[in-house]
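K.L.:
I am attaching a structure below and will ask some questions about it afterwards.
As structure tokens, this is what we get:
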């Protein structure tokens, strides 16, 4: 499959994998080949590190499982990173 088809497949699998984590994680954005998720933001979660680690393992497992049913797609390797600390953000240019 082409790159757009592969990314769409991967991100669909990831979106479905987020469902069991319900309100514990928040999908921040998807830009290009980056899928960003947070835990503890916007709602506090004292177990945010554990939640993200479990999510990372789940994403990897779910993707491997889903790809096993799609031999037409290439094997995909993913890189994950976890960051813990303060968050600074903006809600756009809504200055008044």
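In my numbering, the protein residues as written are 1 to 96.
Even glycine gets a Cβ: it sits at the ideal position worked out from N, Cα and C.
Taking residue 86 as the reference, give the member of 48, 78 and 54 with the closest Cα.
P.N.:
If we check each option's Cα against that of residue 86, 48 comes out closest.
K.L.:
How many angstroms separate the CA atom of residue 63 from the CA atom of residue 82?
P.N.:
Answer to the nearest angstrom: the Cα atoms are 18 Å apart.
K.L.:
With 16 other CB atoms within 10 Å as the buried threshold, where does residue 10 fall?
P.N.:
The residue is buried, with at least 16 neighbouring Cβ atoms inside 10 Å.
K.L.:
Am I right that residue 59 and residue 17 are in contact with their C-beta atoms under 8 Å? What's the rounded C-beta distance?
P.N.:
Going by Cβ atoms, the distance from residue 59 to residue 17 rounds to 5 Å, so yes, they are a contact pair.
K.L.:
Quick check: what's the CA-CA separation for residue 12 versus residue 25?
P.N.:
So the two alpha carbons sit approximately 16 Å from each other.
K.L.:
For residue 32, tell me which candidate among 88, 66 and 6 has the shortest Cα-Cα distance.
P.N.:
Of the listed residues, the one whose Cα sits closest to residue 32 is 6.
K.L.:
Could you give the C-beta distance for residue 51 and residue 21, rounded to a whole number, given that I count them as a contact under 8 Å?
P.N.:
Contact flag correct, Cβ pair sits at about 7 Å.
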